[in-house]
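Trainee:
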Amino acid sequence: MQSLLLGNVIKILKKEGFELVELVDTKPRCFDVIARKKDKILLIKVLYNIDSLKLETAEEMRKIAKLLNATPIVIGEKFKFDFLERRVVYTRYNLPVVNLATFYDYLRGELPYIYSAPGGYYVKIDAEKMRKARESIGMSIGAAAKILGVSKRTVMNYEEGGDASVETAIKIEEIFGDVIKRIDFSEFVKNESEKEDELGEDNEIISKLREIGMSVYTVKHTPFDAISKFERREILMGLKQVREIEKRAMLIGRVSQVMCIDAAYITEREMKKKIESVAFVHKEELNCIDSPEDFISLIDEKTGRCENA
125 MQSLLLGNVI KILKKEGFEL VELVDTKPRC FDVIARKKDK ILLIKVLYNI
175 DSLKLETAEE MRKIAKLLNA TPIVIGEKFK FDFLERRVVY TRYNLPVVNL
225 ATFYDYLRGE LPYIYSAPGG YYVKIDAEKM RKARESIGMS IGAAAKILGV
275 SKRTVMNYEE GGDASVETAI KIEEIFGDVI KRIDFSEFVK NESEKEDELG
325 EDNEIISKLR EIGMSVYTVK HTPFDAISKF ERREILMGLK QVREIEKRAM
375 LIGRVSQVMC IDAAYITERE MKKKIESVAF VHKEELNCID SPEDFISLID
425 EKTGRCENA
């Protein structure tokens, strides 16, 4: 069922004009598909039963989404013994979770407004809009409370940013118009930290890159091992000295092309084969680099960007 669900996700993305890369050969992986359409970048994890989502997977997915300015989405169909409902957003480890139908609606511009939480379904009220709408028709907080069947304190809570049940939200819209907030999936990682992790002194490559002024964030369960940043340039980094570096570099290159960002693989041996969009940098070459600008120039030279500029 999970492979069928993944196949349907990919079909929908292609139909809606997204470029994408599937990570079916990467195990373990914190996301299954990375897709892009214009400025919208999606990191997608597909799990038929969302209860199988692990905390570590969610943490890595949020971290990468924040670093790459992407939107993380978990797509599933079941949790425990129930099915996910259309137009409802669920949450696992601070990630948005939706079913395939809701995902389809989302890609076509229909943002959901109902979310599931302990006790039922709720919506987010636009506090400022509601207050202005109430005041514009000359209705007091007490009168609003009486019509809605809630306390004055509850109405005040709505106008301070509190959420409402779906039943109450329907009444609120009947009285005050469109004061319901749509759920923006990108908001889930808005407050995620971009803090570099601490490394031991034995990680020579990362230490060198940080020494010259590059920001380097290590990641797990992806084709790439780190994301390096300097000003507005982002680089997907391959660091592991595996037997099939070329195969891994090809996958990193495909991801970087979809993302429209750079890719580099730091190696301990000379690489004869060239891979489009991936700069193979010998570890010893880092000794001749003194600044982020030097490193960026080296990447551009090896990928031919300088020639195409």
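When we follow my numbering, the leftmost residue of the sequence shown carries the number 125, and every step to the right adds one.
In this text, a Cβ means the ideal position worked out from N, Cα and C, and glycines have one as well.
Note that this is a predicted model, so its numbers are computed, not measured.
1) Could you give the residue range of the alpha helix (DSSP H) that holds G377?
2) Quick one: any contact between the region 346-364 and the region 208-219, if contact means 3 or more CB pairs under 8 Å?
3) For the alpha helix (DSSP H) holding Y230, just list the boundary residues, first then last.
4) Just curious, the alpha helix (DSSP H) that V290 is in, first and last residue?
5) Please name the residue or residues paired with R210 in a DSSP beta bridge.
6) Using DSSP with H/G/I as helix, E/B as strand and the rest coil, what is I261?
7) Taking the DSSP output, what are the residues bridged to T195?
8) Between the alpha carbons of I238 and V382, how many angstroms are there, rounded?
9) Using a Cβ-Cβ cutoff of less than 6 Å, which residues in the same chain neighbour K332 once the five nearest sequence positions on both sides are dropped?
10) Assuming G244 is part of the beta strand (DSSP E), what are its boundary residues?
11) How long is the line joining the alpha carbons of E180 and E316, rounded to whole angstroms?
12) What's the call for C384, buried or exposed, on a 16-neighbour Cβ count within 10 Å?
13) Using a Cβ-Cβ cut-off of 8 Å (strictly less than) and excluding sequence neighbours within five positions of L422, which residues of its own chain qualify?
14) Counting along the chain, where does the alpha helix (DSSP H) carrying F419 start and finish?
15) In chain order, what residues of the same chain have a beta carbon less than 8 Å from the beta carbon of I158, not counting five sequence neighbours either side?
16) What does the alpha-carbon distance come out to for the pair A241 and A182?
17) Excluding the 5 residues flanking N432 on each side, which residues of the same chain have their C-beta closer than 6 Å to its C-beta?
18) If you check the beta carbons only, do Y246 and D287 fall under 8 Å apart?
19) From the DSSP output, in three-state form, read off A433 for me.
20) Between which two residues does the alpha helix (DSSP H) containing V303 stretch?
21) Taking the alpha-carbon positions, what's the Q365 to E358 distance?
22) If you check the beta carbons only, do E392 and K407 fall under 8 Å apart?
23) Given this structure, state the Cα-to-Cα distance separating K204 from Y172, to the nearest angstrom.
24) S331 lies in the alpha helix (DSSP H); which residues open and close that run?
25) Tell me which same chain residues have a C-beta within less than 8 Å of the C-beta of R160, skipping the five on either side of it?
26) Could you spell out the range, first to last residue, of the alpha helix (DSSP H) harbouring T278?
27) Short check: CB of S352 to CB of M338, under 8 Å?
28) In the structure shown, what three-state DSSP assignment does D386 receive?
29) Do you know offhand how far L208's Cα is from A293's?
Mentor: Let me lay it out:
1) 369-383
2) no
3) Following the DSSP letters along the chain, one finds Y230 inside the alpha helix (DSSP H) bounded by residues 224-231.
4) 290-300
5) The partner list for R210 (beta bridge, DSSP) is empty, contrary to what the question assumes.
6) Three-state result, I261: coil.
7) L166
8) 32 Å
9) L410
10) 244-249
11) Approximately 15 Å, taken between the alpha carbons.
12) exposed
13) A403, V405, E409, I413
14) 416-427
15) L144, V145, L147, I165, L166, L167, I168, A194, V379, V382, M383
16) 18 Å
17) Note that N432 has pLDDT 48, beneath the 50 cutoff, so the model's placement of it is unreliable and no number is given.
18) One thing to note: Y246 has its Cβ within 8 Å of the Cβ of D287.
19) With a pLDDT of 44 at A433, under the threshold of 50, the predicted position of this residue should be treated as unreliable, though the coordinate-derived value follows. Residue state, collapsed to three classes: coil.
20) No alpha helix (DSSP H) contains V303, which DSSP labels as neither H nor E.
21) 22 Å
22) yes
23) 11 Å
24) 328-335
25) Contacts found: F142, E143, L144, L166, V382, M383, C384.
26) Run containing T278: 276-282, per the alpha helix (DSSP H) assignment.
27) yes
28) strand
29) 21 Å
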